[in-house]
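Q: Have a look at this one.
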Amino acid sequence: MKVKDTLQGLTPYQPGKPVEEVKRELGLEKVVKLASNENPYGCSSNVKDAIQQAFSEVAVYPDGYAQRLRTKVADHVGVNEKQLMFGNGSDEVILMLCRAVLSKGDNIVTAAPTFPQYRHNAVIEGAEVKEVPLVNGEHDLDEMEKAIDANTKIVFVCNPNNPTGNYLGSESFYNFLKRVPKDVIVVSDEAYKEYVIAEDYPDTIPLIADHPNLIVLRTFSKAYGLASLRVGYGVGEEGLMQSLDPAREPFNTSSIGQLAAYNALDDQDFIEECKTKNRNGIEAFEAFCEKHNLHYYPSQGNFILMDLQIPGSEIFDALLKKGYIVRNGEALGFPTSVRITVGSEQQNKEMIEELTTLISR
Ligand SMILES: *Cc1c(COP(=O)(O)O)cnc(C)c1O
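Residue numbering for the sequence shown follows our numbering, beginning at 229 and increasing consecutively.
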């Protein structure tokens, strides 16, 4: 018995350690997870009622086409319904896209370090991955353009980039998009869009009209606070999105997820509030770094990557003992850094105290 050769060098995704596991292993009462960029404020209170309603439907298969949510999202982002593809998280949209487009002999172009799922899914499909190093935490679009060749099928742009939090402005993005060959798909992964405050952050969806090779990814997992319900989507040109649809499982998003997302979208006040609180948190972490002369990347997301000049696994272990789960920079390509998700005001304050102790050991 043998699995595909393409799976040989891959490991399953290593998620942030679950809170319950850490409590059990270390005998801690209070554990705070600031590792997976989840929303510390949960989700909109609208969602709770919706989930209770959906309970009566659990025995019945969901609407795989997610018609009700589809109409809602189409209206929210200003496209027609057929331009959308829903996934079990935007992770699954990446998977479906790779599955639908890539074969052996093809390649994708990505930045490095960036979100690992582009590479992972491309490798499974037998494609080559051309990784272009970040410059100061930012995508090097000139080099990414040069990396495109006749076999390139997809270019992934992560904006803001995970794990650095850097973003691409609309001018850079647009100039890049114009230069990419028309038969190469450009993916703009905007998982943290709701947190962005930069005024020149690209408004990408309107560009699809003139650039049918552009696919924009969004998710309900981050600012909307629905990570466990797994709903994300892609937006693109109608013909392209419809041609990808056969790669989708028949019932890939759940009724509960769809209904929760529908209701979450209605509560834009919640999103605004989270955005403001998140920005205060980012500023607190930045002030800490400035004060102690630590390098950090300016983040437009809900996380910050800072260089403590201590091996990432040491930082991870030390904070874990105190009941804080963070992301070890070693696994992200930044060996002496840590990526911390912005928590509540209180959690940020406590985290900064722990970090202060850690760097003054
Ligand atoms: C979290 C994240 C996603 C995946 O989110 P889903 O939960 O699968 O919707 C996609 N891209 C980036 C850059 C992320 O950080």
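Glycine included, each C-beta is placed from N, C-alpha and C at the ideal position.
For the beta strand (DSSP E) containing residue 339, name the first residue and the last one.
A: Segment 335-340, the beta strand (DSSP E) holding residue 339.
Q: Write down the C-beta distance between residue 447 and residue 317 rounded to the nearest angstrom, noting that I regard them as a contact closer than 8 Å.
A: Right, their Cβ atoms sit about 6 Å apart.
Q: Within its chain, find whatever has a CB closer than 6 Å to the CB of residue 266; leave out the 5 residues flanking it on each side and keep chain order.
A: So the list reads 455, once near-sequence residues are dropped.
Q: Pairing CB atoms from the stretch 382-400 with CB atoms from the stretch 531-541, are three or more of them under 8 Å?
A: They touch, by the three-pair rule.
Q: Bridge partners of residue 427, per DSSP?
A: DSSP lists no partner for residue 427.
Q: Can you tell me the Cα-Cα spacing of residue 517 and residue 545, whole angstroms?
A: Roughly 20 Å separates the two Cα atoms.
Q: Hey, quick one: how far does the alpha helix (DSSP H) through residue 580 stretch, first residue to last?
A: Here the alpha helix (DSSP H) through residue 580 covers 573-587.
Q: Ligand 1 and residue 261: does any heavy atom of the ligand fall closer than 8 Å to the residue's C-beta?
A: No, Cβ of residue 261 sits at least 8 Å from all heavy atoms of ligand 1.
Q: Taking its Cβ as the centre, do 16 or more other Cβ atoms sit within 10 Å of residue 341, making it buried, or is it exposed?
A: Buried.
Q: Between residue 470 and ligand 2, is the CB less than 8 Å from at least one heavy atom?
A: This structure does not include ligand 2; its bound ligands are ligand 1.
Q: Less than 8 Å between the CB atoms is what I'm expecting for residue 442 and residue 325, so what's the real figure, rounded?
A: Their Cβ separation, rounded to whole angstroms, is 12 Å, which puts residue 442 and residue 325 out of contact at 8 Å.
Q: In three-state DSSP terms, what is residue 229?
A: If DSSP states are grouped into helix, strand and coil, residue 229 belongs with coil.
Q: Report yes if the C-beta of residue 359 is less than 8 Å from at least one heavy atom of ligand 1; otherwise report no.
A: Outside the cutoff, so no.
Q: Which whole-angstrom value describes the C-beta separation of residue 279 and residue 336, a residue pair presumed to lie in contact below a C-beta threshold of 8 Å?
A: Not really, about 37 Å apart at Cβ, beyond 8 Å.
Q: Determine, using beta carbons only, whether residue 418 and residue 311 come nearer to each other than 9 Å.
A: No, these two residues do not count as a Cβ contact at 9 Å.
Q: Just tell me which of 469, 248, 304 and 564 has its CA closest to the CA of residue 413.
A: Ranking the options by Cα distance to residue 413, first place goes to 469.
Q: On the DSSP bridge list, what partners appear for residue 315?
A: Paired residue(s): 460.
Q: Measuring straight from C-alpha to C-alpha, what distance separates residue 298 and residue 416?
A: Cα to Cα, the separation comes out at about 20 Å.
Q: Whose CA, out of 263, 457, 296 and 354, lies closest to the CA of residue 238?
A: Selected option, being the one with the closest Cα: 354.
Q: Would you say residue 541 and residue 521 are within 9 Å of each other, going by their C-beta atoms?
A: Cβ atoms of residue 541 and residue 521: not closer than 9 Å.
Q: I'd like the ranges of any alpha helix (DSSP H) spanning at least 4 consecutive residues and lying wholly in the stretch 318-387.
A: Taking only runs of at least 4 residues, the alpha helix (DSSP H) segments lying wholly in the stretch 318-387 are 318-329, 345-352 and 369-375.
Q: Would you mind reading off the limits of the alpha helix (DSSP H) that contains residue 504?
A: Its alpha helix (DSSP H) spans residues 496-519.
Q: Looking only at DSSP bridge pairs, what is residue 568 linked to?
A: Paired residues: 532.
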